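Take the sequence shown: its position 12, counting from 1, is numbered 12 in full-length UniProt numbering, and each next residue is one higher.
For glycine and all other residues, C-beta sits at the position ideal for the given N, C-alpha and C.
Here the structure is a predicted model, which means the values were calculated and not measured.
First the structure, in the form of structure tokens, and then the observations on it.
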Amino acid sequence: MSKIPEMLRYSDTHEWVEDLGSGRYRVGITDHAQELLGDLVYVEVPDVGKAIHGGEVCGVLESVKAAADLYAPVNGTVVERNDGLGDNPQWLNEDPYGQGWIMVVEAAAAACAGLLDAAAYGKLAES
């Protein structure tokens with residue numbers, strides 16, 4: 001069973017969003033997503049300063065099984081990225097909600113309004 005932390009919000013494309021306050025949101029992929037992908041070997045993360053748009057592709061995740069698009073869960077601007085993932089893509093498998101975070105986005109206060117809570121995401125992940 002995948003871990004689904006209660007304090008996060010989730011997209012239907014398996015990204016999580018953590019509200020850091022002051023209009024900043026940390027983004028990553030869910031435990032369920034990393035389980036489906038298998039061992040990750042490469043991560044392409046958007047550059048700092050890049051505008052991203054909710055529901056649109058903003059990066060790439062490659063595993064030993066497949067390549068998958070990374071979707072932006074919110075509209076905003078990338079203000080920080082986890083450059084450590086370049087040399088350590090396995091962090092997404094080992095600690096998807098911690099060391100495996102992907103980027104921090106600056107966005108409007110209502111950025112998470114259309115995202116799923118943990119219970120709703122859990123139902124989606126089960127189906």
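Item	Value
DSSP three-state call for TRP91: helix, strand or coil?	helix
Which residue marks the beginning of the alpha helix (DSSP H) containing GLU35, and which one marks its end?	31–37
Hey, could you find the ends of the alpha helix (DSSP H) LEU124 is sitting in?	118–126
Specify, as a first and last residue, the run of the beta strand (DSSP E) that GLU80 falls within.	76–81
Helix, strand or coil for LEU115? Go by DSSP, reduced to three states.	coil
In angstroms with no decimal places, state the Cα-to-Cα distance between ALA113 and ASN75.	11 Å
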